[in-house]
Structure formats: C-alpha cells, structure tokens
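What follows is a short report on a single structure.
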Amino acid sequence: MNLKEYKELFFRSEKLHLNNAGLSPIMKPAQEEINFWAKRFFEEGYYSDHDYMARVDWTRQQISKLVDCGKDEIAFFQSCAGGISQFAFGIDLKKDDEIILFDQEYSSNLYPWQQACKRAEAQLVVVDLDVVKLVTAEMLIAKITKKTKVIAVSAVQYQMGAMIDLEKVSAACQQNGILLFVDAMQSLGMHTLSFKKLKIDGLVCGSHKWLNGPVGVAFLVLKKELIQKIQPLSIGSGTYGTCDDPSDFSCEPKVDASKFEAGSKQVLEICALGRSIEVTMQIGVDSLRAEAFSLAEHLRYEIKRLNFKVFAYAEQPNQFVNFSTEKGNKELQKFLFNHGVHVPLRGPGMRVTPHAFNTAEDIDKFITILRSF
Ligand SMILES: Cc1ncc(COP(=O)(O)O)c(C=O)c1O
Numbered sequence: 379m380n381l382k383e384y385k386e387l388f389f390r391s392e393k394l395h396l397n398n399a400g401l402s403p404i405m406k407p408a409q410e411e412i413n414f415w416a417k418r419f420f421e422e423g424y425y426s427d428h429d430y431m432a433r434v435d436w437t438r439q440q441i442s443k444l445v446d447c448g449k450d451e452i453a454f455f456q457s458c459a460g461g462i463s464q465f466a467f468g469i470d471l472k473k474d475d476e477i478i479l480f481d482q483e484y485s486s487n488l489y490p491w492q493q494a495c496k497r498a499e500a501q502l503v504v505v506d507l508d509v510v511k512l513v514t515a516e517m518l519i520a521k522i523t524k525k526t527k528v529i530a531v532s533a534v535q536y537q538m539g540a541m542i543d544l545e546k547v548s549a550a551c552q553q554n555g556i557l558l559f560v561d562a563m564q565s566l567g568m569h570t571l572s573f574k575k576l577k578i579d580g581l582v583c584g585s586h587k588w589l590n591g592p593v594g595v596a597f598l599v600l601k602k603e604l605i606q607k608i609q610p611l612s613i614g615s616g617t618y619g620t621c622d623d624p625s626d627f628s629c630e631p632k633v634d635a636s637k638f639e640a641g642s643k644q645v646l647e648i649c650a651l652g653r654s655i656e657v658t659m660q661i662g663v664d665s666l667r668a669e670a671f672s673l674a675e676h677l678r679y680e681i682k683r684l685n686f687k688v689f690a691y692a693e694q695p696n697q698f699v700n701f702s703t704e705k706g707n708k709e710l711q712k713f714l715f716n717h718g719v720h721v722p723l724r725g726p727g728m729r730v731t732p733h734a735f736n737t738a739e740d741i742d743k744f745i746t747i748l749r750s751f
C-alpha cells in the first residue's frame with residue numbers, strides 16, 4: 379500500500395481533522411470491521427461467538443507485532459486510564475515507595491498514580507517541566523533514590539509532542555531495579571517501539587489517536603514475569619476461565635494477561651483496532667511518520683509567515699504544531715470553530731496535529747482560514 383492509497387482510506391468532507399493527537403477519524407477498514415461484526419451479531423447472535431473470539435485473538439497478534447511483545451502479555455481495557463489503574467493499583471505499592479513522573483503527564487497517567495500512592499502512603503515524585511523546553515531522560519533519572527519503585531512516563535508528551543529517550547530511562551531502571559511504565563498513546567502509529575528490547579514492564583495505549591481505531595478500547599502490555607505478581611482489580615469469569623466454565627470457588631486465576639479482562643469484551647472496538655493496526659503496519663509506521671512530520675513542517679512554515687508565535691523543539695521534529703496569537707488563543711479557537719475546525723488549547727497555545735492521512739490541501743485550507751482571523 380502506498381501513501382496515496384492510505385489517504386484514500388479516510389472519509390473526505392468539508393471538515394478538517396487536525397486534532398489527531400486528540401481524536402482521529404477511524405479508517406475505512408476499521409469501519410468495515412465494525413459493520414461486519416454488527417451484521418453478524420444482528421443475524422447470528424450466539425452463533426458468532428467462536429468467530430469473534432478468534433478475531434479478538436487475531437487482534438492480540440496485531441498488537442504483539444506492533445509493540446514486539448507476547449500475545450499472552452496483552453490485556454484489553456476500555457481506556458488507557460483503566461490499564462494504568464490496573465498497573466498502579468495492582469503492583470502492591472508499599473509505604474514510602476516512590477513513583478517518579480513528569481508533572482505534564484496526561485491526567486490518565488497522573489491521577490491513577492497519585493491515588494495509588496495516597497492509598498499505600500507511597501510518594502509521588504513529580505518532576506516539573508517547562509512545557510516548551512526539551513524533555514530529557516536525565517530529568518527523571520536524577521530523581522531516582524533507593525526507594526524508587528516505578529518510573530511512569532509517556533513516550534511522547536501530549537501537549538508539545540516531546541519525545542523521551544526510553545533507552546536511557548530503561549537502562550537506569552535496569553540498573554536500579556525499578557519498574558518502567560510507558561504510556562504510548564501519543565506514540566504508537568507514529569513511532570516504532572519494542573516492548574521487549576526496551577525491557578518495559580508495563581505499557582498502555584489506546585486506539586483513537588495515531589492508530590485510527592475507534593474510541594473505547596485500549597490495551598495494557600505486561601511483562602510475563604509480572605502477570606502473576608499483579609492483582610487483578612476487576613474480577614469475573616474472565617479472570618479464571620471463560621463464560622462457559624462452571625463456577626468453582628477453588629479455581630486459580632489464569633496465567634496470561636487476559637486474566638485482567640474480567641468479563642465480556644468490547645468486541646467491535648477491539649476488532650476494529652486490530653484491523654487499523656494491520657493497515658498501519660502494511661503502510662509502515664516510518665512512512666506515516668515522515669508524511670505527518672512533513673505536513674507539520676509545512677504548517678509551521680505557513681503559520682510563522684502569518685506572524686503567529688510558533689512553539690517547537692528545534693532538536694526534535696514532530697507532528698505537534700503549537701502556536702499562539704496576541705489577540706487571544708480562546709478567541710482564535712472560537713473563530714476556528716465557527717469556520718468548522720476544532721483545535722484544542724494545549725500547553726502554551728493551540729495544538730494542531732496533522733496525521734499522514736491529511737493532505738497538503740487540508741493544510742492550505744487551514745492556513746486560508748487562519749489568514750482571515
Ligand atoms: C498521553 C495520553 N495518554 C492517554 C490518553 C487517553 O487516555 P484515556 O484512554 O484514559 O482517555 C491521552 C489522550 O489524550 C494521552 O494524550
């Protein structure tokens with residue numbers, strides 16, 4: 379599949395989709411997958427049971443190829459928050475344990491840690507960031523003490539797209555016997571990442587950003603050795619076996635990560651995610667990233683020419699364009715919304731995040747609207 383064919387998998391209308399770090403449209407194959415299963419559920423009910431479970435399993439395979447992990451290390455959740463909470467509350471934090479994270483982490487990777495620390499009387503060690511400055515692994519590593527239990531970090535920060543050197547963080551975690559937890563929500567689909575090689579202990583990602591799957595599904599990847607040690611937060615038939623197993627008070631939890639999926643699954647969303655990951659890998663993450671970065675560069679160039687203030691990390695090209703206006707960002711946001719474009723306020727300004735499915739025409743259209751502000 380080439381880029382042109384990939385772009386054709388997306389619906390075109392007068393709407394501009396430039397908040398892909400927020401909620402990206404789903405691709406056609408994902409929509410078809412949902413329609414396929416909705417039809418089967420409508421027509422076959424229970425008789426589709428075996429087939430949809432096989433497709434859920436196939437989705438695990440797609441994820442395992444995307445992040446380089448075992449199929450049995452994956453658990454589906456409804457959101458990243460669910461997966462992060464499972465990890466944070468399941469690892470048996472003790473009084474005075476320390477968890478290191480940046481103050482700029484997205485709230486789903488902040489509040490679970492904060493609450494888990496509160497309950498266990500552990501310490502949240504927060505590293506303050508200047509959101510427009512470079513984010514480095516050293517900032518996290520400098521906070522390591524003998525009490526550090528976990529470093530929790532986003533591979534790509536959600537406001538400005540700052541990327542962290544995970545190899546460095548991982549090496550420090552290995553040296554000090556610390557668990558590494560990665561929120562890959564703003565990374566997968568745009569960047570390659572190896573769960574195994576980076577020796578990550580827990581990773582979470584959802585469907586609806588750079589993977590162009592539907593909202594409502596996320597997955598947690600857990601290192602095999604940890605699965606037995608982590609207590610499931612949600613308990614049900616899926617913790618121990620399947621919905622067809624007779625109840626048995628002496629049964630033992632499953633040994634793979636599916637023990638964290640307590641009951642019935644959100645099959646439509648999971649299968650659609652599987653399909654969008656398959657297509658993402660067919661075209662190749664590298665070419666998607668090159669295209670998105672190039673559209674973002676074009677956007678930055680044009681926005682600068684209109685005399686807006688553009689914030690960026692010179693050292694790190696990315697697809698996060700952040701800019702502000704002296705006339706007021708809220709006013710600009712309203713103006714853009716009235717012209718049919720949703721752009722969120724994030725960090726120091728407005729965040730515009732093109733994806734590889736966007737076109738040069740999308741960028742030109744955005745600039746034309748901006749010019750009339
Ligand atoms: C870094 C990061 N993690 C996670 C999420 C999504 O979290 P959840 O699935 O809990 O809504 C976002 C969405 O904005 C994000 O930017």
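The opening position of the sequence shown corresponds to residue 379 in our numbering, with each subsequent residue numbered one higher.
Heads up, the beta-carbon is just placed ideally off N, CA and C, and yes, glycines get one too.
Residue i beta carbon near ligand 1 (any heavy atom closer than 7 Å)
i: residue 584; result: yes
i: residue 644; result: no
i: residue 409; result: no
i: residue 553; result: no
i: residue 532; result: yes
i: residue 536; result: yes
i: residue 493; result: no
i: residue 621; result: no
i: residue 564; result: yes
i: residue 664; result: no
i: residue 540; result: no
i: residue 458; result: yes
i: residue 463; result: no
i: residue 486; result: yes
i: residue 596; result: yes
i: residue 481; result: no
Residues of its chain near residue i, where Cβ-Cβ distance is below 7 Å and the 5 sequence neighbours each way are ignored
i: residue 397; result: 720, 721, 722, 731
i: residue 669; result: 381, 734
i: residue 701; result: 681, 686, 687, 688, 689, 727, 728
i: residue 573; result: 445, 446, 447, 581, 599
i: residue 481; result: 504, 505, 506, 507
i: residue 655; result: 440, 441, 444, 589
Three-way DSSP call (helix, strand, coil) for residue i in this model
i: residue 612; result: coil
i: residue 709; result: helix
i: residue 528; result: strand
i: residue 462; result: helix
i: residue 551; result: helix
i: residue 731; result: strand
i: residue 513; result: coil
i: residue 533; result: coil
i: residue 393; result: coil
i: residue 652; result: helix
i: residue 439; result: helix
i: residue 687; result: strand
i: residue 657; result: helix
i: residue 455; result: strand
i: residue 501; result: strand
i: residue 580; result: strand
Straight-line gap, residue i to residue j (C-alpha atoms, nearest Å)
i: residue 427; j: residue 436; result: 14 Å
i: residue 621; j: residue 420; result: 21 Å
i: residue 510; j: residue 394; result: 26 Å
i: residue 550; j: residue 519; result: 7 Å
i: residue 415; j: residue 473; result: 47 Å
i: residue 582; j: residue 486; result: 11 Å
i: residue 470; j: residue 623; result: 29 Å
i: residue 744; j: residue 512; result: 28 Å
i: residue 604; j: residue 592; result: 29 Å
i: residue 595; j: residue 609; result: 21 Å
i: residue 658; j: residue 590; result: 9 Å
i: residue 698; j: residue 630; result: 46 Å
Residues near residue i in its chain [Cβ-Cβ closer than 6 Å; skip 5 each side]
i: residue 543; result: 515
i: residue 546; result: 515
i: residue 570; result: 663
i: residue 588; result: 567, 568
i: residue 736; result: 673
i: residue 738; result: none
Among the options, the one whose alpha carbon lies nearest that of residue i
i: residue 452; options: 698, 634, 576, 658; result: 634
i: residue 556; options: 521, 460, 394, 504; result: 521
i: residue 434; options: 478, 643, 462; result: 643
i: residue 483; options: 724, 738, 746, 390; result: 724
i: residue 649; options: 384, 388, 439; result: 439
i: residue 580; options: 602, 593, 594, 564; result: 602
i: residue 540; options: 573, 399, 443; result: 399
i: residue 504; options: 497, 625, 489, 742; result: 489
i: residue 525; options: 476, 739, 538; result: 476
i: residue 563; options: 462, 707, 379, 388; result: 462
i: residue 413; options: 493, 534, 653; result: 653
i: residue 585; options: 388, 432, 456, 744; result: 456
i: residue 384; options: 625, 406, 716, 496; result: 406
Neighbourhood of residue i by C-beta distance below 8 Å, restricted to the same chain and skipping five residues each side
i: residue 499; result: 473, 474
i: residue 640; result: 610, 612, 613, 614, 615, 616, 617
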